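Chains as they are written, first to last, in our numbering: chain A, 1 to 90; chain B, 1001 to 1473.
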Amino acid sequence: MNIKHLAKLANLELTEAEMVKFQDQLTAIMTYIDKLSKLDTSEVEPVSQVTGKVNTLRPDTVTPSLNQAEALKNAQRQHNGFFVTKIEWK
Amino acid sequence: MEINTITISEARQGLISGKFRAADLVQACLEQIKKHDRRIFSFITVSDSEAREAAQEADKLISSADNRKRLFEEKPLLGIPIAVKDVLSTRDLRTTASSKILENYTPVFDATVVARMRSAGAVVVGKTNSDTFAFGASTENSGYGVTHNPWDLDRVAGGSSGGSAAAVAADEAIFSLGTDTGGSIRLPASFCGVVGLKLTYGRASRYGLLSMASSFDTPGPLTKTVADAREIYTLLAGEDLKDATSSSVKKTYTKKKSINQLKIGLPTEYFDVGLDSGVRKTVLKAVDFFKDHGATIKTISLPKTEYGVATYYVLVPSEISSNLGRYDGTRFGKTRDFFEGEAKRRIIIGTFSLSSGYYDAYYKKASQVRALIMDEFETAFRDVDLIMGPVCPTPPFRIGERVNDPLAMYLSDVYTVTVNLAGLPSISVPAGFSDGLPVGLQIIGPQWSEELILDTAEAYEAATDWHKKKPNL
C-alpha cells in the first residue's frame, strides 16, 4: 500500500507523522480484510443496490431551486457571483 | 416530574389537555442541556432562540385551534423537542458533520427527514455530536469532542450517533434523529439504554444527509419507547423524488404475528467466544421472555458473519472516498487538510480498494461477498421470522480504550454491519443492565418488516421497565 501515492490520488496532504501512523494502522486493516480471498465468489454477481431499484425517473419539469446568493452562501471565496477556485498553471 | 423526561405520546397528551405548553417543554429541555451538557456533550450546536420561537408559534396554533385533537392529527409532533444528528442538513442552522472541515457551514435547505419532522411540528433544539461524518462506533472521532455516556461519564456513548442517543437518555430532547450505516443508531442506543430503529435501506430519504456510504446510509429515530419509534418511522417512511434510492414500497409484513406464532433465530456466530458474559446473560434473558410466551427459538448459523466487517470496510470506505471528493473548499467548507484522521484513513482505504490493479481483489470481491451475505439472510428468513442477538460484543467501553486501534474499533460492529450490507431493518431495544451499564437486544427482520420488529419489541418492552429507568446525572 503506497500511502503517498494514494494520498495524491485522493487529493489529501498528509504530514510525515500521519504517513507513518497510517502505514501501520492501514496495513493491519488490509491484512484483516484479506480474509475475503478465502471465499469462492467465482459464480457470484456483485451487488451494490440492495433493494432492487433500477433507473428511478421523475418528471422533467422545472421547479424552484437555489438562488445565486443561496448557492454562494457557504463559499470561502466568491467574486462577482462566481465561486473562486485555485488554478495551477503548468 | 420534569416534563423533559416524558415520551412523545405523553408530550402530545399534555399539550392537547393544556397541562403544559410547548414553551414549557422546550424550556425544560434547554434547561436540562444547560445543566448537564457540559459533562455529557450531546450537542455541538444548541438552537436556543430558534427553538423558543418555534415553541411560541406552536403554542399560538394550539391555543387558537378549534379542535386540538384534529390539529395534532395533522401535526402530531407539534411543539415537541427533537435533537438532530449533525450529519443531517438543517436550514439556517449550522451543520458540521462533526468535522472541522464544515465548522462554518450553514445549509440553505432541510434534509427531507428533517423537513418531515418540521412539517409535523417538531421543534429542533439542537444538532448532536457524532463521529466525524459518522465514521466510528464511539463518537470519539468527532472534531468537536467526545460524547460521554450518561450512565457512566467515563465511558463512551457509542457511535456514530452518540450525541443523539445521549440526548434522549439524558432527557435533553424528547427524541432524536440519527443515521445507521454500519450500526450507528443501534450501537449508541444499546450503550445509552434507549430505543434505536434502523429502517430498511431506502425507507427514509437520504436527501440532505451528508453522505457517508450511499448504498448503506439509513436515517432513523432514537426514542424513549418503541411506540415513539414506530410513530417517527411512520412519518419518515415514504418515497422522496429527491433521493433516487428511496423506496416506494408501502407494504409491510403481510401477516401479523403474535409472540406464540413467532419463530426466532439465534445465530451461533452472535453468541461465540468473543461475546462478553454479562451481555450474553442479559440478551439471553430477554430472549427467554419470548420463549416463555410461546415463541419457537431456533439456533441458526450465519457462517458469513465473520466476513461482515472485512466486506464492510472495503465497500464503505470506497463509497466514502467518492462521497468526500466534494469537500474541496470551493463551494463549501474548508480545505481537505481539515478532515479528521478517521476520515483520511477511510478515504485512503477506499481509494486503494478502487484503484487500478486492486479493484477486482478488493471492491469487486467485497461486492460479491455482499451478495453472499444477502443470500444467507434471505435463506435464514425462510426458516425464521426474526433474528435476535446482541448489538455489540461488549458493554460500553471506557473513553480512550479503543480510539487508537482502528481495527479493534471496527470489530465493535461485528453484529451490526451485515444488517447494513443486506439493507435489512433492525432495532435495538433496552434489555437490561450489565454491571450498571445498558445492554440492548437486537431484533433483525427481512426487508420491509419494520411493523413485525416493532410489534415484537413493543411486547417485550411492555413486560419490562428498562425504558422507565433514568441515568443518575
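Where a beta carbon is used, it is the ideal one built from N, C-alpha and C, also for glycine. In this text, all values refer to a predicted model and were calculated from it rather than measured experimentally.
Residue i - DSSP class collapsed to helix/strand/coil
i         : result
Leu1222/B : strand
Thr1212/B : A small correction: the amino acid at residue 1212/B is Met; Thr does not occupy that position in the sequence shown. If DSSP states are grouped into helix, strand and coil, Met1212/B belongs with coil.
Leu1177/B : strand
Ser1277/B : helix
Thr1299/B : strand
Asn1149/B : strand
Ala1165/B : helix
Leu1437/B : strand
Pro1393/B : coil
Ile1044/B : strand
Phe1339/B : coil
Ile1443/B : strand
Leu1197/B : strand
Phe93/A   : For residue 93/A there is no data in the structure shown, the boundaries of chain A being 1 and 90.
Leu1266/B : strand
Val978/B  : Nothing can be reported for residue 978/B, as the shown portion of chain B is limited to 1001 through 1473.
Arg1203/B : coil
Gly1159/B : coil
Pro59/A   : coil
Neighbour list for residue i in chain B, Cβ cutoff strictly below 7 Å
i       : result
Thr85/A : Thr1330
Ala28/A : Leu1407
Val50/A : Tyr1201, Ser1215, Met1374, Ala1422 and Gly1423
Ala17/A : Those do not exist, as Ala17/A stays about 11 Å from chain B at its closest Cβ, beyond 7 Å.
For residue j and residue i, believed in contact at Cβ under 8 Å, the rounded distance
i         : j         : result
Ala1134/B : Thr1106/B : About 20 Å; that fails the 8 Å criterion.
Ile1082/B : Thr1147/B : With 8 Å as the limit, Ile1082/B and Thr1147/B do not qualify as a contact, their Cβ atoms being about 17 Å apart.
Leu1088/B : Pro1188/B : No, Leu1088/B and Pro1188/B are not in contact; Cβ-Cβ is about 15 Å, not under 8 Å.
Phe1043/B : Gly1126/B : 4 Å
Ala1156/B : Ser1047/B : The sequence as given places Val at residue 1156/B; Ala does not occur at that position. With 8 Å as the limit, Val1156/B and Ser1047/B do not qualify as a contact, their Cβ atoms being about 25 Å apart.
Ser1428/B : Gly1196/B : 5 Å
Ala10/A   : Ile1348/B : 6 Å
Val1414/B : Pro1393/B : 6 Å
Contacts of residue i in chain B (Cβ-Cβ under 8 Å)
i       : result
Lys73/A : Thr1106 and Val1108
Gln92/A : For chain A, the structure presents residues 1 to 90; residue 92/A sits outside this window and is missing.
Listed by chain order, chain A residues near residue i by CB distance under 7 Å
i         : result
Gly1352/B : Inspection of the sequence shows that residue 1352/B is occupied by Phe rather than by Gly. Those within 7 Å of Phe1352/B in chain A are Met1 and Leu6.
Arg1345/B : Phe22, Gln25 and Leu26
Leu1241/B : Arg58
Thr1245/B : Lys53
Val1369/B : Leu36, Leu39 and Thr41
Val1314/B : Ile33
Chain C within 8 Å of residue i, Cβ atoms only
i       : result
Val62/A : Annotation note: the requested chain C is absent from the structure, which comprises protein chains A and B.
Interface residues of chain A facing residue i [CB-CB closer than 8 Å]
i         : result
Leu1372/B : Leu39, Thr41 and Val44
Amino acids of chain B, ordered along the chain, whose beta-carbon sits closer than 9 Å to that of residue i
i       : result
Val54/A : Here the premise fails: no neighbours, minimum Cβ distance about 10 Å.
Partners in chain A for residue i, counting only beta-carbon separations shorter than 9 Å
i         : result
Thr1311/B : Ile33 and Leu36
Lys1365/B : Leu36, Ser37, Leu39, Thr41 and Pro46
Ser1160/B : Those do not exist, as Ser1160/B stays about 18 Å from chain A at its closest Cβ, beyond 9 Å.
Arg1336/B : Ala10, Asn11, Leu12 and Glu13
*asked:* Whether or not the segment 1204 to 1220 of chain B and the segment 1179 to 1191 of chain B are in contact is what I'm after, with contact meaning three or more pairs of Cβ atoms, one per stretch, closer than 8 Å; do they touch?
replied: Segments in contact, yes.
*asked:* Taking contact to mean 3 or more Cβ pairs, one atom from each stretch, closer than 8 Å, check whether the segment 1379 to 1387 of chain B and the segment 1136 to 1144 of chain B are in contact.
replied: Too few Cβ pairs lie closer than 8 Å, so no.
*Below 8 Å, can you find three or more Cβ-Cβ pairs linking the segment 1451 to 1458 of chain B to the segment 1396 to 1408 of chain B?*
No, they do not touch.
*Kindly provide the ranges of any beta strand (DSSP E) runs that are 3 or more residues long and lie completely inside the segment 1046 to 1128 of chain B, ordered along the chain.*
The segment 1046 to 1128 of chain B is shown to contain whole beta strand (DSSP E) runs of 3 or more residues at 1081 to 1085 and 1123 to 1128, in chain order.
*Would the segment 1300 to 1319 of chain B and the segment 1106 to 1120 of chain B be scored as touching if the rule is three or more Cβ pairs under 8 Å?*
Touching, no.
*asked:* I want to know whether the segment 1154 to 1167 of chain B touches the segment 1338 to 1355 of chain B - three or more CB-CB distances under 8 Å.
replied: Flag = no, the segment 1154 to 1167 of chain B and the segment 1338 to 1355 of chain B do not touch.
*Looking at C-beta atoms only, is the number of pairs between the segment 1364 to 1373 of chain B and the segment 1411 to 1426 of chain B that lie closer than 8 Å three or more?*
The segment 1364 to 1373 of chain B and the segment 1411 to 1426 of chain B touch, with no fewer than 3 CB-CB distances between them shorter than 8 Å.
*Report yes or no: do the segment 1164 to 1178 of chain B and the segment 1219 to 1229 of chain B share at least 3 C-beta pairs separated by less than 8 Å?*
Contact between the segment 1164 to 1178 of chain B and the segment 1219 to 1229 of chain B is present: three or more C-beta pairs spanning the two stretches fall below 8 Å.
*Segment contact flag, the segment 1083 to 1103 of chain B with the segment 1053 to 1067 of chain B, C-beta cutoff 8 Å, min 3 pairs*: Touching, no, given that fewer than three Cβ pairs across the two stretches are closer than 8 Å.
_Does the structure place the segment 1257 to 1273 of chain B close enough to the segment 1320 to 1331 of chain B that three or more beta carbon pairs sit under 8 Å?_
In short, these stretches do not touch, since the Cβ pair count stays below three.
*Where in the segment 1301 to 1381 of chain B do unbroken runs of the alpha helix (DSSP H), each at least 4 residues long, occur, reported from the N-terminal end onward?*
Fully enclosed alpha helix (DSSP H) runs of 4 or longer: 1308 to 1323 and 1341 to 1354.
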